[in-house]
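See below for the structure under consideration.
Residue numbers (the numbering used here): 469 to 818.
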């Protein structure tokens, strides 16, 4: 083993150490796969060095949460997320198809306000009725602002008048058609809406189903809620970290359209202090979900998820997320800003 150098010694230490994941050769590609483990109790990460790994008696190592692949030729490393299935690693994500471009998603944020009658005139009767069901005036304003923001944003991206945008909703849990994820038939666009605190957020993309969520940072029972939210390999040191994981999982579930039918423990997106990445979710082909933490006002956290359809041969159809965020004062201002951006991005006519 001495002739294999320091890398060989590290691999040998991991193979012989108690509770450690063995390194394995991945065949003709010439990559050596090493598993990084994160302890959910002491939060010490195993990077392949016996000196930095906690003693085996301290706690049991959880399932691995990411891999590092080292090329035998150039010695370069590439970190990739693992795919979990029932707490076990099932493989690496599909690589993007040749020439695959990032999935573009527009995220528009506005503060909620009481819209005037002229502004409300573009809303459908069902949207007004849904807003009036809320008991608190603040919740009614949020609902109206979110509905207006969606109509103005879609109208700007499609060339339709806001009043002519066909917005349909069907609840995945009860099947009733007056609430649930919005659908935009005939436009090719997918949409998601969220509101919390003083803000409303809309996400729009043509890449595939999308989910967006925004939450207000607040005190929580981290132990009780964490038991229902955290999955294998995930941890949250405080309420802010737990809410960040919550927004990621909520965005994923909204994108799938499953609603409350998917337990949050089965949606793997953490740990909270790592970049957002969808590592596992029932019904989502491994490696196809695109997840990102997005900008949020002070005292809030937000995330967006897009689920592009996988290619027939298993490769990913998008190379990542291109999140285009916009913050405007009113819903109609969002429409004007998106229209200007769409005009500027359009290719020149021949």
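Cβ coordinates follow ideal geometry from the N, Cα and C atoms, glycine included.
Verify whether the separation of the beta carbon atoms of residue i and residue j is less than 7 Å.
i: residue 620; j: residue 802; result: yes
i: residue 716; j: residue 771; result: yes
i: residue 662; j: residue 680; result: yes
i: residue 651; j: residue 636; result: yes
i: residue 609; j: residue 574; result: no
i: residue 605; j: residue 758; result: no
i: residue 578; j: residue 796; result: yes
What's the call for residue i, buried or exposed, on a 16-neighbour Cβ count within 10 Å?
i: residue 590; result: buried
i: residue 683; result: buried
i: residue 811; result: exposed
i: residue 586; result: exposed
i: residue 657; result: buried
i: residue 691; result: exposed
i: residue 627; result: exposed
i: residue 804; result: exposed
Taking the alpha-carbon positions, what's the residue i to residue j distance?
i: residue 862; j: residue 648; result: The structure shown does not extend to residue 862, since the chain is modelled only from 469 to 818, so the question has no answer here.
i: residue 420; j: residue 718; result: The question about residue 420 has no answer here: the residues shown for the chain are numbered 469 through 818.
i: residue 736; j: residue 769; result: 18 Å
i: residue 696; j: residue 755; result: 24 Å
i: residue 622; j: residue 714; result: 27 Å
i: residue 828; j: residue 693; result: This structure cannot speak to residue 828, because the chain is shown only from 469 to 818.
i: residue 654; j: residue 791; result: 23 Å
i: residue 617; j: residue 733; result: 32 Å
i: residue 440; j: residue 730; result: The requested residue 440 does not occur in the structure, where the chain is confined to residues 469 to 818.
i: residue 569; j: residue 603; result: 45 Å
i: residue 806; j: residue 710; result: 33 Å
i: residue 688; j: residue 707; result: 6 Å
i: residue 788; j: residue 686; result: 31 Å
i: residue 596; j: residue 668; result: 17 Å
i: residue 748; j: residue 740; result: 15 Å
i: residue 611; j: residue 665; result: 12 Å
Checklist line | Complete runs of the alpha helix (DSSP H) confined to the stretch 601-627 [at least 4 residues] | finding: 605-626
Check: Would you call the stretch 701-711 and the stretch 720-730 touching, i.e. three or more CB-CB distances under 8 Å?
Finding: no
Item checked: 3-residue-minimum beta strand (DSSP E) runs that sit fully inside the stretch 648-718, ordered along the chain -> 649-651, 658-664, 667-673 and 678-684
Notebook entry, point to check: In chain order, which continuous runs of the alpha helix (DSSP H) of length 4 or greater are located wholly inside the stretch 748-773?
Noted result: none
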